[in-house]
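Trainee: Please see the structure below; I have some questions.
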Amino acid sequence: MEILLLDELAPDAQLWLSDRHQVSYQPMLAHDRAELHRRLYKTRALFVTPEVRVDSALLDFAPCLAVVACLHGDTENIDDEACRRRRVRVLRAINANVRANAEFQLGNLMMMMRNGAPQPVMPLDGVPLRGREINDSVIGLLGMTPTAHLLATLLTALGARVIGFDPALHRTADLWQRLGVQPVTFTELLATADAVAVQMAFASRHRGMVSESALAVCRTGQFWTSISAPALFDLPALAQALRSNHLGACVLDLSEPDQIAADSPLRNVPRLRITPNMACATQEALLRASWYLADRTHELLQLSDTQRVALESAPMPL
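If you want it as structure tokens, here you go:
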């Protein structure tokens with residue numbers, strides 16, 4: 009087969025691609041690595057799910073492979089260096105999920121600040137709930153990825169004071185002023201914000217960055233919503249901060265189901281909501297990602313190996 013789909017594209021994009029190439033949709037192969045290896049021999053383009061690891065071991069079974077594509081642009085399942093050595097182009101729909109992610113973060117912030125928990129709360133014994141408004145609140149952005157750019161714009165329009173920290177972005181960078189975000193230190197963000205939105209690109213050096221000592225600095229009752237890898241957090245410390253009421257509530261969105269183990273300290277923690285990759289799961293995001301990947305894959309498969317390698321990489325437009 010020419011194109012093997014382990015992930016489902018939007019119907020129109022998949023049909024468009026099928027009209028131009030031999031396409032096989034085999035989602036069950038995402039969970040059967042041995043059978044996947046067997047099917048890869050004549051595959052030229054492979055669309056993978058976040059669960060499928062694309063490494064040298066897999067590439068050994070795919071001598072004809074020219075393109076690897078992933079609808080989920082923020083996953084770490086593709087070994088880019090191994091693909092580069094084999095002259096396999098990697099396509100990620102990096103910006104397709106930006107609006108979906110930003111709206112998800114904003115929705116969580118508004119829900120928690122109004123209800124005090126990530127689930128709807130009912131008043132008890134006739135006592136009215138007194139939530140908070142986004143207007144005049146201090147919202148901290150941890151990570152200034154493209155999602156944060158749009159989220160900052162939405163929060164500013166609602167009257168919030170927005171502060172931010174990103175270890176990869178110098179506080180004198182023009183981006184801060186352009187977005188209307190006040191750059192602060194990590195400690196200042198934790199100590200000042202009424203709520204924190206996390207959308208930071210994860211690297212191994214950031215593992216456990218939100219540690220017990222960091223959480224101790226947080227304002228009492230602070231709300232957190234994160235679409236970043238949970239490895240960014242010290243999970244036992246996060247669980248304790250919620251159980252002790254030091255944090256008001258938290259939402260963690262996971263790109264991969266096994267990111268939280270069955271015996272994780274986060275299981276059955278009060279005021280914590282764990283969602284299964286809901287941040288980017290909108291019809292519009294799927295449509296944007298599907299058409300971008302379908303169009304780019306078709307374009308790349310028309311080129312020779314030399315032309316394909318020479319082609320410049322670029323993120324998809326917003």
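Just so we're on the same page, the numbering used here is the position in the sequence shown counted from 1, plus 8. Virtual Cβ for every residue (Gly too), placed ideally from N, Cα, C.
Between which two residues does the beta strand (DSSP E) containing Ala77 stretch?
Mentor: Working through the sequence shown from its first residue, we reach residue 77 at position 69. Taken as a continuous stretch (DSSP letters only), the beta strand (DSSP E) holding Ala77 covers Val75 to Cys78.
Trainee: Determine the contact status of Val192 and Ile171, defining contact as a CB-CB distance below 7 Å.
Mentor: As a working note, residue 192 is residue 184 in the sequence shown. As a working note, residue 171 is residue 163 in the sequence shown. Yes, the Cβ-Cβ distance between Val192 and Ile171 is below 7 Å.
Trainee: Nearest CA to the CA of Ser221: which residue from Phe231, Gln291, Ala211 and Phe241?
Mentor: The residue given as residue 221 occupies position 213 in the sequence shown. Of the candidates Phe231, Gln291, Ala211 and Phe241, the one whose C-alpha sits nearest the C-alpha of Ser221 is Phe241.
Trainee: Select from Gly139, Asn109, Arg251 and Trp184 the residue whose C-alpha is nearest the C-alpha of Pro273.
Mentor: Position 265 of the sequence shown, counted from the first residue, corresponds to residue 273. Pro273 has its Cα closest to that of Arg251, out of Gly139, Asn109, Arg251 and Trp184.
Trainee: Would the region 115-128 count as touching the region 61-70 if we require 3 or more Cβ pairs under 8 Å?
Mentor: no
Trainee: Look at the Cβ atom of Leu198, then the Cβ atom of Cys226, and state whether they are nearer than 7 Å.
Mentor: Taking the sequence shown and counting its residues from 1, the one referred to as residue 198 is at position 190. Taking the sequence shown and counting its residues from 1, the one referred to as residue 226 is at position 218. Against a cut-off of 7 Å, the Cβ pair of Cys226 and Leu198 comes out as a contact.
Trainee: Could you check whether Thr83 and Ser263 sit closer than 7 Å to each other, using their CB atoms as the reference points?
Mentor: On the sequence shown, residue 263 is found 255 positions in, with the first residue counted as 1. On the sequence shown, residue 83 is found 75 positions in, with the first residue counted as 1. Yes. Within cutoff.
Trainee: Taking DSSP's pairing of strands, which residues face Pro284 in a bridge?
Mentor: Counting from one through the sequence shown, the residue named residue 284 turns up at place 276. Leu262.
Trainee: Going by beta-carbon coordinates alone, are Val60 and Ala42 separated by less than 7 Å?
Mentor: Walking along the sequence shown from the start, residue 60 turns up at place 52. Walking along the sequence shown from the start, residue 42 turns up at place 34. Cβ distance not < 7 Å, so Val60 and Ala42 don't count as in contact.
Trainee: Would you kindly check if the distance between the Cβ of Leu79 and the Cβ of Val96 is under 7 Å?
Mentor: For the purposes of this step, residue 96 is taken as residue 88 along the sequence shown, with counting starting at 1. For the purposes of this step, residue 79 is taken as residue 71 along the sequence shown, with counting starting at 1. It is not a contact, given that the beta carbons lie outside the stated cut-off.
Trainee: Assign Gln185 to one of three DSSP states: helix, strand, or coil.
Mentor: In the sequence shown, counting from the first residue as 1, residue 185 sits at position 177. DSSP places Gln185 in helix when its eight states are reduced to three.
Trainee: Can you check DSSP and say which residues form a bridge with Ala257?
Mentor: Start at 1 with the first residue of the sequence shown, and residue 257 comes out as number 249. Answer by DSSP bridge pairing, in chain order: Phe231.
Trainee: State the start and end residues of the unbroken alpha helix (DSSP H) segment that holds Phe112.
Mentor: Counted from its first residue, the sequence shown places residue 112 at position 104. Residues Val106 to Asn123.
Trainee: What does DSSP give as the partner residues of Ile268 in its beta bridges?
Mentor: Locating residue 268 in the sequence shown gives position 260, counting from the first residue. In the DSSP output, where bridge partners are listed per residue, Ile268 has none listed.
Trainee: Let me know if Arg215 comes out buried or exposed under the rule of 16 or more other beta-carbons within 10 Å of its beta-carbon.
Mentor: Locating residue 215 in the sequence shown gives position 207, where the first residue counts as 1. Classification of Arg215: exposed, given that the 10 Å Cβ count is below 16.
Trainee: Could you give the residue range of the beta strand (DSSP E) that holds Tyr300?
Mentor: Here residue 300 refers to the residue found at position 292 when the sequence shown is read from its first residue. Where Tyr300 is concerned, there is no enclosing beta strand (DSSP E), although the alpha helix (DSSP H) it sits in stretches over Gln291 to Leu309.
Trainee: Let's test the definition: count the other Cβ atoms within 10 Å of the Cβ of Thr180 and tell me whether it reaches 16, buried, or not, exposed.
Mentor: Numbered from 1 along the sequence shown, position 172 holds the residue referred to as residue 180. That one is exposed.
Trainee: Could you give the distance in angstroms between the alpha-carbon of Met152 and the alpha-carbon of Asp20?
Mentor: By one-based count along the sequence shown, residue 152 stands at place 144. By one-based count along the sequence shown, residue 20 stands at place 12. Approximately 33 Å, taken between the alpha carbons.
Trainee: Let's see if you can read the secondary structure: which residues bound the alpha helix (DSSP H) around Phe55?
Mentor: By 1-based counting over the sequence shown, the position of residue 55 is 47. Here Phe55 belongs to no alpha helix (DSSP H); instead the beta strand (DSSP E) covers Ala53 to Val56.
Trainee: Please state the DSSP three-state secondary structure of Pro278.
Mentor: As a working note, residue 278 is residue 270 in the sequence shown. Reduced to three states, the DSSP call for Pro278 is coil.
Trainee: Reducing DSSP to helix, strand and coil, say where Ala203 ends up.
Mentor: Counting from 1 along the sequence shown, the entry for residue 203 is found at position 195. Correct three-state label for Ala203: strand.
Trainee: With DSSP as the reference, label Ser221 as helix, strand or coil.
Mentor: Residue 221 sits at position 213 when you count from the first residue of the sequence shown. Looking at Ser221 - three-state DSSP - the assignment turns out to be helix.
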